[in-house]
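Novice: Can you read through this structure? Questions will come right after.
2 protein chains.
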Amino acid sequence: MVEVSRRNMIAGTAAAAVATVNPATISASRAQGAVVAPMTGVYSYKLGDVELIQVYDGSRTFPMPDGFVVNASKEETAKAYQALHMPPGQLTISFSPLVIKSAGKIIAIDTGNGLGANAASKGAVGNARHSMTAASIDPKAVDIVLISHFHGDHINGLKNADGTPAYPNAQILVPATEWAFWTDESNASKANASNKGNFANVKKVFDGLKPTPFEAGKEVAPGITSMATPGHTPGHTSFIVASGGKSLAVQGDVTNHPGVFMPNPGWHAVFDNDGALAEQTRRKFFDMASADKLPVVGYHFPFPSAGYVEKNGNGYRLVQVHALT
Amino acid sequence: MVEVSRRNMIAGTAAAAVATVNPATISASRAQGAVVAPMTGVYSYKLGDVELIQVYDGSRTFPMPDGFVVNASKEETAKAYQALHMPPGQLTISFSPLVIKSAGKIIAIDTGNGLGANAASKGAVGNARHSMTAASIDPKAVDIVLISHFHGDHINGLKNADGTPAYPNAQILVPATEWAFWTDESNASKANASNKGNFANVKKVFDGLKPTPFEAGKEVAPGITSMATPGHTPGHTSFIVASGGKSLAVQGDVTNHPGVFMPNPGWHAVFDNDGALAEQTRRKFFDMASADKLPVVGYHFPFPSAGYVEKNGNGYRLVQVHALT
Numbered sequence: 003m004v005e006v007s008r009r010n011m012i013a014g015t016a017a018a019a020v021a022t023v024n025p026a027t028i029s030a031s032r033a034q035g036a037v038v039a040p041m042t043g044v045y046s047y048k049l050g051d052v053e054l055i056q057v058y059d060g061s062r063t064f065p066m067p068d069g070f071v072v073n074a075s076k077e078e079t080a081k082a083y084q085a086l087h088m089p090p091g092q093l094t095i096s097f098s099p100l101v102i103k104s105a106g107k108i109i110a111i112d113t114g115n116g117l118g119a120n121a122a123s124k125g126a127v128g129n130a131r132h133s134m135t136a137a138s139i140d141p142k143a144v145d146i147v148l149i150s151h152f153h154g155d156h157i158n159g160l161k162n163a164d165g166t167p168a169y170p171n172a173q174i175l176v177p178a179t180e181w182a183f184w185t186d187e188s189n190a191s192k193a194n195a196s197n198k199g200n201f202a203n204v205k206k207v208f209d210g211l212k213p214t215p216f217e218a219g220k221e222v223a224p225g226i227t228s229m230a231t232p233g234h235t236p237g238h239t240s241f242i243v244a245s246g247g248k249s250l251a252v253q254g255d256v257t258n259h260p261g262v263f264m265p266n267p268g269w270h271a272v273f274d275n276d277g278a279l280a281e282q283t284r285r286k287f288f289d290m291a292s293a294d295k296l297p298v299v300g301y302h303f304p305f306p307s308a309g310y311v312e313k314n315g316n317g318y319r320l321v322q323v324h325a326l327t
Numbered sequence: 003m004v005e006v007s008r009r010n011m012i013a014g015t016a017a018a019a020v021a022t023v024n025p026a027t028i029s030a031s032r033a034q035g036a037v038v039a040p041m042t043g044v045y046s047y048k049l050g051d052v053e054l055i056q057v058y059d060g061s062r063t064f065p066m067p068d069g070f071v072v073n074a075s076k077e078e079t080a081k082a083y084q085a086l087h088m089p090p091g092q093l094t095i096s097f098s099p100l101v102i103k104s105a106g107k108i109i110a111i112d113t114g115n116g117l118g119a120n121a122a123s124k125g126a127v128g129n130a131r132h133s134m135t136a137a138s139i140d141p142k143a144v145d146i147v148l149i150s151h152f153h154g155d156h157i158n159g160l161k162n163a164d165g166t167p168a169y170p171n172a173q174i175l176v177p178a179t180e181w182a183f184w185t186d187e188s189n190a191s192k193a194n195a196s197n198k199g200n201f202a203n204v205k206k207v208f209d210g211l212k213p214t215p216f217e218a219g220k221e222v223a224p225g226i227t228s229m230a231t232p233g234h235t236p237g238h239t240s241f242i243v244a245s246g247g248k249s250l251a252v253q254g255d256v257t258n259h260p261g262v263f264m265p266n267p268g269w270h271a272v273f274d275n276d277g278a279l280a281e282q283t284r285r286k287f288f289d290m291a292s293a294d295k296l297p298v299v300g301y302h303f304p305f306p307s308a309g310y311v312e313k314n315g316n317g318y319r320l321v322q323v324h325a326l327t
């Protein structure tokens with residue numbers, strides 16, 4: 003019997019391939035994004051009487067030599083990225099909208115990078131609609147789209163590549179604070195450098211759509227309550243989904259990459275408009291989730307984007323689970 | 003602006019639900035398996051020119067008061083299970099067959115608990131075929147089914163609920179050592195208590211099928227090489243998938259639950275026919291995977307069932323990644 007050993011692996015017919023396993027090769031391929039089209043991801047589960055379906059939009063690997071975390075050194079971040087098996091000097095981020103079937107309604111939370119991004123990224127992202135189709139969800143049947151905040155990776159999927167509405171029969175519900183901020187270009191003076199360019203994209207995406215603003219602390223869809231989690235953007239919003247005596251929290255960018263910001267909650271992302279407020283929100287939110295053992299769904303968590311948050315040293319960690327409910 | 007705080011969550015409209023979040027309630031629901039039908043899981047990615055599609059069969063939560071790990075105390079295992087956010091005294095295990103598209107062939111590795119199990123488990127498991135359909139994979143188009151070993155959760159999906167072949171046009175390739183062992187009932191004397199009953203199921207599942215035995219260390223499908231990883235069962239086999247200078251390892255039960263046996267590689271599962279050999283294989287396999295930074299797909303890993311293995315103290319840990327390639 004041939005047993006596991008490096009020697010017999012190298013002696014076997016896969017020898018050449020195994021012998022040439024090389025993280026640098028993998029990294030280069032990741033960075034090009036050339037081998038990831040099309041990506042499909044679907045994961046369904048239940049919470050009480052509510053069905054939740056994660057629909058994967060994809061993952062991108064960005065060259066981020068020193069720009070992603072604004073208050074940590076290049077050396078510190080490089081060490082953190084390496085610990086996560088990401089390509090040297092680069093950062094891989096996932097994107098996963100959530101579809102919820104509750105009380106006869108189909109509700110989407112955020113929309114992905116959009117079908118235009120799919121072509122531009124060679125299929126690495128912009129696959130949420132493709133994943134929805136795999137889950138037998140017809141975009142025309144979506145009743146409500148809830149938006150967490152107005153960054154492009156969350157709102158661009160509201161439109162098809164040709165500019166037509168992607169969810170033509172859905173009510174589009176947006177945080178009132180977010181709407182007020184981004185639709186008034188005079189607020190550009192309150193936006194940091196990485197957010198100043200976002201006003202134009204917001205205008206373009208919402209042109210021809212009729213979004214309805216909602217307040218924090220309200221039931222915005224059956225069993226779904228909004229919660230203000232500001233800092234990343236002024237109106238950044240999370241959601242609590244509740245059914246049958248159980249709850250889970252859905253967070254957009256309370257943390258972006260969980261492997262980066264959970265162990266280092268004091269690190270500020272370049273896309274945080276107010277890094278200090280984002281950090282305060284992050285600590286409160288994760289303290290609550292860990293104390294209450296509240297499952298958390300994260301837009302940028304590795305697919306299928308759900309887990310439990312635990313305190314760990316001076317930070318937090320995400321524990322993936324086999325079944326949420 | 004309402005900001006995140008426990009007070010405003012309780013003051014909000016989801017107050018009743020949030021206030022009653024109770025791990026015990028979640029646990030009871032998990033244990034009943036009543037809320038998990040139907041489960042769908044699909045996750046596609048690429049390795050070189052090969053496409054890999056994880057197809058989720060589901061997760062089950064078993065009452066395992068003290069029987070799952072045979073050489074650790076009830077207190078030790080209870081502590082380990084609790085750290086994984088599983089219901090008190092219970093263990094949740096996932097099942098994920100892998101479909102590979104390589105050189106024009108469609109290859110499945112293992113088959114899930116089967117459609118009969120879907121009904122019996124109220125949809126908690128037996129969903130691999132449903133997930134394949136979501137991934138637009140027609141069972142009739144599957145060319146090769148590779149089997150890691152002959153336990154029911156890996157082979158029962160070879161048949162439909164009515165006993166007809168689930169992959170009618172596929173070559174069914176099985177480890178030669180596994181075939182020799184389980185098809186000779188005189189070997190029952192070499193099987194431990196939890197494996198003695200498996201001979202009858204093997205006979206039933208393979209009745210009417212014409213499996214072809216393969217040896218370890220051979221290319222069994224385009225770019226896929228078999229590797230003997232014995233102990234869990236005598237012919238337990240893993241696979242190395244290689245394409246474009248990159249490789250990954252596919253392991254059935256080198257570890258069962260990664261959260262249990264990776265930190266505690268010396269623990270033996272009740273289903274290990276030879277616990278000591280299984281442990282030796284596990285340590286060799288994970289030493290190799292961690293040294294070579296070889297991505298590992300695990301049949302019982304939490305969906306989507308892939309990650310990197312790292313040495314951690316006296317054991318190992320699984321690091322989930324955002325994108326494998």
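Taken in order, these protein sequences are the chains called A and B.
The first sequence begins at 3 in this note's numbering and counts up one residue at a time.
The second sequence begins at 3 in this note's numbering and counts up one residue at a time.
Glycine residues also receive a C-beta, built at the ideal position from the N, C-alpha and C atoms.
As the structure is a computational prediction, the values presented were derived from the model and not from experiment.
Whose CA, out of B:Asn-73, B:Met-88, B:Ser-188, B:Ala-105, lies closest to the CA of Leu-54 of chain B?
Specialist: B:Ala-105
Novice: Name the DSSP beta bridge partners of Lys-161 of chain B, please?
Specialist: B:Pro-167
Novice: Please return the same chain residues whose Cβ sits closer than 7 Å to the Cβ of Glu-312 of chain A, not counting the five positions on each side in sequence.
Specialist: Counting only Cβ-Cβ distances below 7 Å, and skipping sequence neighbours, we find Ser-292, Tyr-318, Arg-319, Val-321.
Novice: If you compare alpha carbons, which of B:Ala-325, B:Val-71, B:Tyr-45 is closest to Ser-196 of chain B?
Specialist: B:Val-71
Novice: Would you call the CB atoms of Gly-125 of chain A and Met-229 of chain A closer than 8 Å?
Specialist: no
Novice: Residues of chain B with CB under 9 Å from Tyr-45 of chain A, in chain order?
Specialist: Met-41, Thr-42, Gly-43, Val-44, Tyr-45, Tyr-58, Phe-305, Pro-306
Novice: Along chain B, in chain order, which residues have C-beta atoms closer than 9 Å to that of Val-321 of chain A?
Specialist: Val-321 of chain A reaches chain B at Ala-85, Leu-86, His-87, Gly-261, counting residues in chain order whose Cβ is nearer than 9 Å.
Novice: Please name the residue in B:Ser-75, B:Gln-92, B:Asn-316 whose C-alpha comes closest to that of Phe-64 of chain B.
Specialist: B:Gln-92
Novice: Quick one: which chain A residues come within Cβ less than 7 Å of Ile-157 of chain B?
Specialist: Using a Cβ-Cβ cut-off of 7 Å, Ile-157 of chain B is close to nothing in chain A; its nearest Cβ partner there is about 20 Å away.
Novice: From which residue to which residue does the alpha helix (DSSP H) around Ala-136 of chain A run?
Specialist: 130-136
Novice: Give me whichever residues DSSP pairs with Leu-54 of chain B in a beta bridge.
Specialist: According to DSSP, Leu-54 of chain B bridges with B:Tyr-47, B:Ile-102.
Novice: The region 114-139 of chain B: which residues have C-beta closer than 9 Å to a C-beta of chain A, in chain order?
Specialist: Ala-126, Ser-133, Ala-136, Ala-137, Ser-138
Novice: Look up Val-272 of chain A in the DSSP assignment and say whether it is helix, strand or coil.
Specialist: coil
Novice: When we look at the beta-carbon of Thr-235 of chain B and count the other beta-carbons within 10 Å, is it buried (16 or more) or exposed?
Specialist: buried
Novice: How about Ser-104 of chain A: is its C-beta nearer than 8 Å to some C-beta of chain B?
Specialist: It does not; no Cβ of chain B falls within 8 Å.
Novice: Under 8 Å between beta-carbons, which chain A residues line up against Thr-94 of chain B? List them in chain order, please.
Specialist: Val-323, His-324, Ala-325
Novice: Would you say Val-44 of chain A and Ala-130 of chain B are within 8 Å of each other, going by their C-beta atoms?
Specialist: no
Novice: For Leu-93 of chain B, name the three-state secondary structure that DSSP assigns.
Specialist: strand
Novice: Do the CB positions of His-153 of chain B and Phe-273 of chain B come within less than 8 Å of each other?
Specialist: yes
Novice: Thr-185 of chain A versus chain E: which residues are under 9 Å apart at the beta carbon?
Specialist: No chain E appears in this structure, whose protein chains are A and B.
Novice: Any beta-carbon of chain B closer than 8 Å to the one on Tyr-169 of chain A?
Specialist: no
Novice: Mind checking which residues open and close the alpha helix (DSSP H) that includes Glu-180 of chain A?
Specialist: 178-184
Novice: State the Cα-Cα distance for the pair Ala-30 of chain A and Asn-200 of chain A, rounded to the nearest angstrom.
Specialist: At Ala-30 of chain A the pLDDT is 32, less than 50, meaning the model places this residue with poor confidence; the figure from the coordinates comes in the next sentence. Cα-Cα distance, rounded: 30 Å.
Novice: Please report the straight-line C-alpha distance between His-324 of chain A and Gly-309 of chain B, rounded to a whole angstrom.
Specialist: 14 Å
Novice: At the level of alpha carbons, what is the spacing between Lys-81 of chain B and Pro-90 of chain B?
Specialist: Rounded to whole angstroms, Lys-81 of chain B to Pro-90 of chain B spans 9 Å at the Cα level.
Novice: Leaving out five residues before and five after Tyr-169 of chain A in sequence, what residues of the same chain have Cβ atoms less than 6 Å from its Cβ?
Specialist: Pro-141, Val-144, Val-147
Novice: Run through DSSP, which three-state label would Gln-282 of chain B get?
Specialist: Secondary structure at Gln-282 of chain B: helix, using DSSP grouped into helix, strand and coil.
Novice: So which residues of chain A does Tyr-310 of chain B contact, with C-beta pairs closer than 8 Å?
Specialist: His-87
Novice: Could you tell me whether the Cβ atoms of Asp-255 of chain A and His-151 of chain A are closer together than 8 Å?
Specialist: yes
Novice: Between Val-52 of chain A and Gly-247 of chain A, how many whole angstroms is the CB-CB distance? I'm expecting something under 8 Å.
Specialist: No, Val-52 of chain A and Gly-247 of chain A are not in contact; Cβ-Cβ is about 12 Å, not under 8 Å.
Novice: Would you mind telling me which residues of chain A sit closer than 9 Å to Thr-63 of chain B, beta carbon to beta carbon, in chain order?
Specialist: His-324, Ala-325
Novice: Cα-Cα, which of A:Lys-220, A:Ala-119, A:Gln-56 is closest to Met-134 of chain A?
Specialist: A:Gln-56
Novice: Using only the alpha-carbon positions, how far apart do His-302 of chain A and Phe-288 of chain B sit?
Specialist: Each residue's Cα considered, the two are about 28 Å apart.
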